[in-house]
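Convert by adding 9 to the 1-based position in the sequence shown; the result is the number in the numbering used here.
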Amino acid sequence: MMKTIRVSEKGQISIPQSVRAILGIEQGDELVLLQVDGKILLEKVERTEIGLKDSFKDILKFSELSLKGVWDNKEDEIWNQYLK
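The following block contains the structure:
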């Protein structure tokens, strides 16, 4: 879908109702604005969070496995009694 919009004197834009309806954007929703290769992309915060989690899940898993030896040691177990 392609729509033409104008930027107001204050630098504001209005997202057309038809686009908001398709994307499920409602009043009060938070959007992330990305500037990529001379383009502006808008996305709901929830979708960005999901995308980031998916992008980094392999890195997170590898990091947890790599650091397990550092985190799981007898010296650090003493803190468990204070954290309860």
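Quick reminder that beta carbons are idealized off the backbone N, C-alpha and C, glycines included. Keep in mind the model is a prediction, meaning the values are calculated, not measured.
Residue range L40 to V45 is occupied by the beta strand (DSSP E) that includes Q44, with no alpha helix (DSSP H) assigned at that position.
In this structure, DSSP gives E52 an extended state, which the three-state scheme calls strand. V54 places its beta carbon less than 8 Å from that of E39. Closest in C-alpha terms to M10, from the list K77, G47 and L32, comes L32. Setting aside the 5 residues that flank it on each side, V16 is surrounded in the same chain by I22, each with a C-beta closer than 8 Å to its C-beta; the list follows chain order. DSSP places R29 in the uninterrupted alpha helix (DSSP H) bounded by Q26 to L32.
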